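*Asks:*
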Amino acid sequence: MHDVWPRLQQRAFPEIRRERIDTLQLNLGYLCNISCIHCHVNAGPRRKELMSRDVMELALTVAERRGVRSFDLTGGTPEMNPDFRWLVESAVARGIHVMDRLNPTIIEEPGYDWVPGFLARHRVELVASLPCYSQANVDEQRGDGVFEASIRALQKLNALGYAQAGSGLTLNLVYNPNGAFLPPSQHKLQDDYRRLLGENFGIVFNELYALANMPIQRFGSWLISKGKFDSYMDTLQGAHRVENLGNVMCRFLVSVDYQGDLYDCDFNQMLKLPLGGRDTQSHLRDLLDGNTPRRIGVADHCYGCTAGQGSSCGGALS
3 MHDVWPRLQQ RAFPEIRRER IDTLQLNLGY LCNISCIHCH VNAGPRRKEL MSRDVMELAL
63 TVAERRGVRS FDLTGGTPEM NPDFRWLVES AVARGIHVMD RLNPTIIEEP GYDWVPGFLA
123 RHRVELVASL PCYSQANVDE QRGDGVFEAS IRALQKLNAL GYAQAGSGLT LNLVYNPNGA
183 FLPPSQHKLQ DDYRRLLGEN FGIVFNELYA LANMPIQRFG SWLISKGKFD SYMDTLQGAH
243 RVENLGNVMC RFLVSVDYQG DLYDCDFNQM LKLPLGGRDT QSHLRDLLDG NTPRRIGVAD
303 HCYGCTAGQG SSCGGALS
């Protein structure tokens, strides 16, 4: 795999600072049942890194002391961590809102039939990846059969009440481009998803998040191998909008890796760029004293969050 880091220090992304910590984004590990070309985590079935229960317990303690309101669980596939259910139950019992970044195909894997019912019982907010409403595009990114498995999984979630009026169970979907270009208008794309998924499969959802592909890890390496890295960076920097800086996700969260080390976002975690861009690594333990880390470490990949309509874990910024 090509090293993208030397290429991400050639432009000058603006300085930004954190306002507060509303959310701990916990990466429960890089293990995943599928491998996607756009994956910024380089997750897959052979990854061994998994967050331990000790780190999860420390995250719960930090949340209580710091008044953190939300856990944003990501991976890999979070449900493949053997302590996933314990963490969700423990967080919910403490009044912490839990969001799960769900790879829908996990529901179709042997041994994971518990996932839909468990998530519904604990009223977990779901952000489910479905990078397109087209079978050809999804299977190109994620592998043959992934689209059909995802559709079946979403139908099961709908049947349990997710995205149904009055249920209070939230199901959001995520779109990723299948190439070196920015996402189209999130609003228009959401209308297309809603119409086509509804007409063809009877699927409903709450919102669609349109996310830009980050030029790091697997996707960054693909860009280099195709000779498209520099042109994609030109696209991102050329579409930079200053007004998006006020709403980037790193201003309100801290990313925690499977070992408990801290980063300004999941993307910086994959680049091993420590919290605040420091030379020394911070850990969850460092948040127990109540100090809010203000400085945010940046590099050229950050243009992926501010380009065009903007991109964050919660979709478009503008």
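Heads up: the sequence shown begins at 3 in this note's numbering, then just goes up one per residue. No residue lacks a Cβ here, since even glycine has one placed at the ideal position from N, Cα and C. The model shown is predicted, which means the values in this text are computed figures rather than measured ones.
(1) If you follow the beta strand (DSSP E) that residue 101 is in, where does it begin and where does it stop?
(2) Compare the C-alpha of residue 267 against each of 7, 76 and 65 and name the closest.
(3) In three-state DSSP terms, what is residue 48?
(4) Taking only the alpha-carbon atoms, compute the straight-line gap between residue 315 and residue 86 and give it to the nearest angstrom.
(5) Applying the 10 Å Cβ sphere with the 16-neighbour rule, what's the burial state of residue 19?
(6) Which runs of the beta strand (DSSP E) at least 3 residues long sit entirely within the stretch 209 to 254? Give them in chain order.
(7) Compare the beta carbon distance of residue 83 and residue 31 with 8 Å and say whether it is the shorter of the two.
(8) Excluding sequence positions up to five away, which residues of its chain have a Cβ less than 7 Å from the Cβ of residue 207?
(9) Once the 5 residues before and after residue 223 are set aside, which same chain residues still bring their CB inside 8 Å of it?
(10) Going by C-alpha distance, which of 93, 178, 274 and 184 is nearest residue 25?
(11) Using 8 Å as the threshold, is the C-beta distance between residue 243 and residue 317 below it?
(12) Among the candidates 301, 91 and 262, whose CA atom is the shortest distance from the CA of residue 288?
(13) Span of the beta strand (DSSP E) holding residue 75?
(14) What distance in whole Å lies between the Cβ atoms of residue 212 and residue 198, which are believed to be in contact at a cut-off of 8 Å?
(15) Measure from the alpha carbon of residue 254 to the alpha carbon of each residue in 226, 294, 46 and 116, then state which is nearest.
(16) Excluding the 5 residues preceding and the 5 following residue 114 in the sequence, name in chain order all residues of the same chain whose CB lies nearer than 7 Å to its CB.
*Replies:* Judging by the given coordinates:
(1) Its beta strand (DSSP E) spans residues 99 to 104.
(2) Nearest option by C-alpha distance: 76.
(3) If DSSP states are grouped into helix, strand and coil, residue 48 belongs with coil.
(4) In this model, residue 315 and residue 86 are separated by some 20 Å (Cα to Cα).
(5) So residue 19 ends up on the exposed side.
(6) 210 to 212, all fully within the stretch 209 to 254.
(7) It is a contact, given that the beta carbons lie within the stated cut-off.
(8) Scanning its chain for C-beta atoms nearer than 7 Å, with the 5 sequence neighbours on each side dropped, one finds around residue 207 the residues 165, 173, 174 and 175, in chain order.
(9) Result list for residue 223: 3, 4 and 6, in chain order.
(10) With distances taken between Cα atoms, residue 25 lies closest to 93.
(11) No, they are not a contact pair.
(12) Answer by Cα proximity: 262.
(13) From DSSP, the beta strand (DSSP E) with residue 75 extends over 72 to 76.
(14) In fact, because the Cβ distance is near 15 Å, the residues do not count as touching under 8 Å.
(15) When the alpha-carbon of residue 254 is set against those of 226, 294, 46 and 116, the nearest one is in 294.
(16) Sequence-distant Cβ neighbours of residue 114 in its own chain, meaning closer than 7 Å and more than five residues away, are 81 and 108.
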